[in-house]
Each structure stands twice: as C-alpha cells, then as structure tokens.
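Residue numbers for the sequence shown follow full-length UniProt numbering, beginning at 1 and rising by one. We put the CB at the ideal spot given by N, CA and C, even for glycine.
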Amino acid sequence: MYTHKMAAPNADYAEKAFPLDHEHKQAAVEAQTYDLEDPRRTEGPDEAAGAAALHRTMKSRHIQMISIGGVIGTGLFLGTAGSLAKGGPLGLMMGFLVMGTVVWNVMASLGEMVSHLPIAGGHVTLAKRFVDSSLSLTMGYNYFYNWAIVLPTEISASAILVNYWTKAVNNAVWITLFLVIVGLINLGGARFYAEFEFWFASIKVVTIVGLIILGIILDAGGGPDRDVIGFRNWREPGPFVQHLGIEGPLGRFLGFWSVLIQAGFSYIGTEITAITAGEAKNPKKSLPSAIKGVAVRICIFYILGTFIIGLLVPSNDPRLNLDSHDAASSPFVIAIEKSGIHTLPSIINAALLSSAWSAASSDMYTSSRALYGLALSGNAPAVFRRTTSWGLPWVCLLVSFAIGFLAFMSVGAGGAGKVFEWLSTMSSVTGLLTWVGILITYIRFDAGVKAQNINRDQFPYKSYLRTGGAIYSLAMCCLILLFNSYSVFIKGHWNTATFITGYLPILVAVAMYFGSRLYRHRTGARTAIVGLHEMDFYTDSRDEARDGPDDDDDDAVKKTFAEKFRAWL
Numbered sequence: 001m002y003t004h005k006m007a008a009p010n011a012d013y014a015e016k017a018f019p020l021d022h023e024h025k026q027a028a029v030e031a032q033t034y035d036l037e038d039p040r041r042t043e044g045p046d047e048a049a050g051a052a053a054l055h056r057t058m059k060s061r062h063i064q065m066i067s068i069g070g071v072i073g074t075g076l077f078l079g080t081a082g083s084l085a086k087g088g089p090l091g092l093m094m095g096f097l098v099m100g101t102v103v104w105n106v107m108a109s110l111g112e113m114v115s116h117l118p119i120a121g122g123h124v125t126l127a128k129r130f131v132d133s134s135l136s137l138t139m140g141y142n143y144f145y146n147w148a149i150v151l152p153t154e155i156s157a158s159a160i161l162v163n164y165w166t167k168a169v170n171n172a173v174w175i176t177l178f179l180v181i182v183g184l185i186n187l188g189g190a191r192f193y194a195e196f197e198f199w200f201a202s203i204k205v206v207t208i209v210g211l212i213i214l215g216i217i218l219d220a221g222g223g224p225d226r227d228v229i230g231f232r233n234w235r236e237p238g239p240f241v242q243h244l245g246i247e248g249p250l251g252r253f254l255g256f257w258s259v260l261i262q263a264g265f266s267y268i269g270t271e272i273t274a275i276t277a278g279e280a281k282n283p284k285k286s287l288p289s290a291i292k293g294v295a296v297r298i299c300i301f302y303i304l305g306t307f308i309i310g311l312l313v314p315s316n317d318p319r320l321n322l323d324s325h326d327a328a329s330s331p332f333v334i335a336i337e338k339s340g341i342h343t344l345p346s347i348i349n350a351a352l353l354s355s356a357w358s359a360a361s362s363d364m365y366t367s368s369r370a371l372y373g374l375a376l377s378g379n380a381p382a383v384f385r386r387t388t389s390w391g392l393p394w395v396c397l398l399v400s401f402a403i404g405f406l407a408f409m410s411v412g413a414g415g416a417g418k419v420f421e422w423l424s425t426m427s428s429v430t431g432l433l434t435w436v437g438i439l440i441t442y443i444r445f446d447a448g449v450k451a452q453n454i455n456r457d458q459f460p461y462k463s464y465l466r467t468g469g470a471i472y473s474l475a476m477c478c479l480i481l482l483f484n485s486y487s488v489f490i491k492g493h494w495n496t497a498t499f500i501t502g503y504l505p506i507l508v509a510v511a512m513y514f515g516s517r518l519y520r521h522r523t524g525a526r527t528a529i530v531g532l533h534e535m536d537f538y539t540d541s542r543d544e545a546r547d548g549p550d551d552d553d554d555d556a557v558k559k560t561f562a563e564k565f566r567a568w569l
C-alpha cells in the first residue's frame, strides 16, 4: 500500500474537510495526503464495476511475448520491400529509426498510465477519465474499427500465403478454415489466447533473429556464391532514391517521407499491450517490463533488420515492387535467392503464415476488448458488457467474429474486392489516430499528476520525457496523418481512391468527436473537459497484494538458459 499527495477527490469533501477562507482553501486541499485505500475517497468511474467481469489470467511471459508479437509483423517481413524501393537503404533505415523514436514515446506515455491504472479497455477507458467521454467514444470506435477490419485482412492474407505452395484449393476454403481456428483460439479465453500468442510470437522472434544473422553472413560473403556485398548497394544505386522521378534534395526527402509513413503503419500494434491490462495477472510487474523492452526490440528487429536489408538488396531490384503478398516479395527472400540458396523461401513463407495467424488472433482479441471497453465507458449498448463465467466477453467476441466474414469479399474480383481493399487501407490511418488519442490522454494525465502534486516515484513505470516526449510524438503523428497521401497532390499522380482512404478516416474521427459533444450538449450530459483537480488517480490503482502472485515468472526460479533467454527477450 502506498500514498499520493493529491487534491481531495471531490469538491464536496474538500469543503467539509477544509473549512478555510477561499485564499488558502486550494493550497490546503492540494497538500492533503490520502492513502490508496482511504475509504473517504469517492467512487471512481462506472467502468470499475464492469472491469471485475474480466479475469486476470495472463502471466508475465504472456504479456512479454504479446508485446513482442505486436512489434514484429508483416510490415517488417514484407512492407520493407516497397519502402526500400521508395527511399533507398539509408532512407529506409532513417525512416524506421525516426518513427521508432515516436513509437517509443507513445509506449512510454501509455505504459505510465496503464501500469498505474490497469483497467479493462486500456487507453479507451483512460481517455474518459482524463479527457472526456467524447474522446473515449471516438478512440474506442476508431480502435474497434482498426482491429475489426484488420482481422479479415489477415485472414485473407493467410489464404494468399497458402497459394505460394498450391492454388488447387479455392481461397474461400482456406478463409473458412482460418477464421474458425482463430475463433476457437479466442473462445478459450484470455489465458488460452495468450498461450497461443506466446508460442507464435516465439516463432516470429526466432525467424527474424535467424534472418538477421543469415543476412550478416551473406553480406560478408558467406553464401554459396561467395559474393562479398559490403556497402556496395549504398554506393550504387545509392543511399537514397529520387522518389516519383523528382530530382535533387526534394526527391530524396520525399523518398524518406514515404518510408516514414510506411514505418508508422508497420509499427501499429505495439500498443496492444495496453488492452491486456484488464486481464494481466500481475499488471504492475508485467506491463512495465513489457514497455521497457520496446526500445530494445525496435532497435534489434527494425533498425538492425532494415540496415541488413539495405545492405543485401539494391533499391532498384524489380522484385521489390511485386504485389504478390507472399514470401516472393520479401527483401529477405530476394537476398537469399540472389545468394544461391533455394530452400529457405518456403520456410519463410511458413513463418509468414504463422505470423498472419497470430495477427488475426490478436485482431479478434483486441477488437472484442475495445468494444467491451466502449460498453464499460457507457459508449456502447450494455449488452456488450456480458461475459461468461470464465471472463470472456462473448457478445463482443461474436461481433468481431462476424466481421471476420468480410474476408470473403477478397475472394471475388470487382466491386466487393475493391471495397474490401479500401476498408483495409483505411485501417492503417486509424492506427495512427489511436496514437494521437493516447498522447492527448497522457498530456492531460501528466498535467493532472503535476496539478495534484502526485509523487511519480510511486508509479510502477514512468515516462522519462513526460509531456515533452508526448508532444514530439503527437506532432509527428499529426504531420504524418496530414501528409500520408501527399503523392496525390503532385502533378500527374492524382488518385481518388488514395485520397479517400488517406483522409476519410481523419474526417470521420473529427466528426465523431464533435458530433458526440453536440449530442451530449443537447441531452444535458456533461461536455466539459475533466478538470485537473477532479481527475481520479485512485480507483483501479491496484496493490501488488491484490494483483496476486505470478507463480511462473518469479526471477528467483529462472535458472535454465532457455528461461533466462526468454526473460531477456
């Protein structure tokens, strides 16, 4: 149990506790110290009661690997191909490096909030507590849309990956099979999903680490062709690409900017850890541990990975622009085949397939919990609060599963397939909008901490750069959102579909926020932003004793090499 120096939780209590003159009243209120379990404190937001419906069954090792799995995705395996072609090797690495600093600040900001307040719905419910209900509603539906639509995208991607080996079976069959598997995984509850994700995230880690090591060997001339590559591809065709045929510094900058945008889309998913807060067995231990490792994983997997890719594959290789969406378009596979190795591509495709399965399972889990968080905040019908006896929000899961059937739209050509492609593309923009909401929430959270004179040393995790880092990342996210489809404004490159998918989600989010505020105003509900001195930092701030032991993650029992390596990851 610990204490905070904090303003009285509500004005009524302050009036009774401190009958002072107006001039000294606020100072006395701010100096008042309350224990975390003080019975005098007010009841918290209405999400508290509903949060108990979810069971805390995820162990520390589950949270760690879910965090890793969120960082490593098809963006690293496949998305880097197009980025290399647009930005060149140096532009590729710089884009992912700069965006990595943005992601680190997002996760640090999010980590401070969710480790102190590990509540169901994560950042969706925190937005209501520290900003207002309208932002919570906007973030919640935006986040739900993001992962609900990505689910059928990953399901259809899995079917396409199977086509690498055989096209004898219709993709609709594979889509049905994969959707059922993903549904069964989530039907088992948070613990079963977490165990599944633990092993499939492990496959991702082993795959990318193996590819990086192999890449170093190939670059040094250790491949069958004995070709020492070194920095040859940095000299010719060069470190940067003149993007869209524009010569000079502007063309090189636009190449870097296009990589920055793709990097932002590739990093989306790192925040999934926050959604597990309501089901983590020991959140004040497992969540900070997972957040702290984000910077290291970004450096190892993305920065080092993109550096190796830039060494091995020239940016003008025509295979980088293949639209196959399977292992054939991976820059790692291109490098391996160039060196004379012909057996690994099939193995890499299998790893990509497992990655797509893992992503689809996470999509269903995340979208269902986002909808559950909306219901807890009062922004979705109460029916979505229903859970099973083992803590499964089955109504929300059923909705997410039903949306997965949109994957069948990708089977046929024509209008349905095109609409599905547009819906999928827009999900990338909604991912960045989620980060914007998280950063706005943290800026208000940190302002409340300062205003109430709360000792941050008692928080399980602290953001080192605090509001400064959040403002930097917020500015970068806003710039990327504003110019995410910049190419349509360059003469000769207008594309209506690109313009709509790039900017419609932003307009919808803005309209949803102000529409919610207008509706609340007309119905007499509160519309004011939560005041700094009325922010609730107490409710749902759990003691370690109440979190329960995490019996398989005690540092004292980590004796084997495998366990130590897992802990290091």
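Worksheet item: Whose C-alpha, out of His55, Ala370, Asn495, Ile216, is nearest the C-alpha of Gly188?
Response: If we check each option's Cα against that of Gly188, His55 comes out closest.
When DSSP labels each residue in this structure, what does Met58 get in the three-state scheme? In this structure, Met58 counts as strand in the three-state DSSP scheme.
- Task: Using the Cα positions of Ala335 and Leu78, report the straight-line distance between them to the nearest angstrom.
- Result: Ala335 and Leu78 have their C-alpha atoms some 13 Å from each other.
Here's a check: name, in chain order, each residue in its chain whose Cβ is nearer than 8 Å to the Cβ of Ala328, leaving out the five neighbours to either side.
Closer than 8 Å at the Cβ level, and outside the excluded window around Ala328, lie Tyr164, Arg319, Leu322, Pro345.
- request: Determine the closest residue to Arg226 out of Glu271, His123, Ser339, with distance taken between C-alpha atoms.
  value: Distances from the alpha-carbon of Arg226 to those of Glu271, His123, Ser339 put Ser339 closest.
Checklist entry - Within the chosen definition, does the stretch 428-445 reach the stretch 98-116 through at least 3 CB pairs nearer than 8 Å? => result Segments in contact, yes.
Quiz item: Where does the unbroken alpha helix (DSSP H) through Ala85 begin, and where does it stop?
Solution: Per DSSP, Ala85 belongs to the alpha helix (DSSP H) from 80-116.
- Are the beta-carbon atoms belonging to Ser516 and Thr138 less than 9 Å from one another? Yes.
Check your understanding: Ends of the alpha helix (DSSP H) at Leu208?
Key -> A small correction: the amino acid at residue 208 is Ile; Leu does not occupy that position in the sequence shown. For Ile208, the enclosing alpha helix (DSSP H) covers residues 190-219.
Review point. How many angstroms separate the CA atom of Thr166 from the CA atom of Cys478?
Key: Cα to Cα, the separation comes out at about 43 Å.
message = Bridge partners for Ala280 per DSSP, in chain order?
response = Met58.
| Where residue 571 and Gly524 are concerned, what is the direct C-alpha to C-alpha distance, given to the nearest angstrom? | Because the chain in this structure spans residues 1 to 569, residue 571 falls outside the shown range and cannot be described.
Using a Cβ-Cβ cut-off of 6 Å (strictly less than) and excluding sequence neighbours within five positions of Asp555, which residues of its own chain qualify?
Low per-residue confidence applies at Asp555: pLDDT is 45, beneath 50, and the placement is therefore not dependable, though the value from the model is reported in the following sentence. Excluding sequence positions up to five before and after Asp555, its CB lies less than 6 Å from no other CB in the same chain.
(request) Compare the Cα-Cα distances from Arg232 to each of Leu406, Asn349, Leu90 and report the closest residue. (result) Taking Arg232 as reference, the option from Leu406, Asn349, Leu90 with the minimal CA-CA separation is Leu90.
Compute the Euclidean distance between the alpha carbons of Tyr503 and Leu287, then round it to the nearest angstrom.
Approximately 33 Å, taken between the alpha carbons.
Backbone CA spacing between Gly469 and Asn105 [nearest angstrom]:
C-alpha separation (whole angstroms): 6 Å.
### Distance between beta carbons of Tyr461 and Ser115, contact taken as under 8 Å
At roughly 4 Å, the Cβ-Cβ gap stays under 8 Å, so Ser115 and Tyr461 are in contact.
>> Which of the three DSSP states is assigned to Asp457 in this structure?
In response: Three-state result, Asp457: helix.
- [ ] Report the residue from Ser463, Ser487, Ala350, Val399 whose alpha carbon sits nearest the alpha carbon of Leu250.
- [x] For the options Ser463, Ser487, Ala350, Val399, the alpha carbon positioned closest to that of Leu250 is the one of Ser487.
**Message:** Please state whether the Cβ-Cβ distance between Thr207 and Ala351 is less than 9 Å.
**Reply:** Going by C-beta atoms, Thr207 is nearer than 9 Å to Ala351.
*asked:* Give me the residue from Leu184, Gly305, Thr74 with the minimum Cα distance to Ser266.
replied: It is Thr74.
Checklist entry - For Tyr164, which of helix, strand or coil comes out of DSSP? => result Correct three-state label for Tyr164: coil.
Per-residue burial, Asn170 [other beta carbons within 10 Å of its own, 16 or more giving buried] = By the neighbour-count rule (16 or more Cβ atoms within 10 Å), Asn170 is not buried but exposed.
Give the range of the alpha helix (DSSP H) segment to which Gln242 is assigned.
-> Segment: none, Gln242 is in no alpha helix (DSSP H) and carries neither H nor E.
Over the uninterrupted alpha helix (DSSP H) stretch that includes Gln262, give me the two end residues. Start and end: 248-267.
- Item | Distance CB(Val182)-CB(Ala447) smaller than 9 Å | For the pair Val182 and Ala447, the CB atoms are not nearer than the 9 Å cut-off.
Go to Cys478, then tell me how far its alpha helix (DSSP H) extends in each direction, as first and last residue.
Start and end: 466-482.
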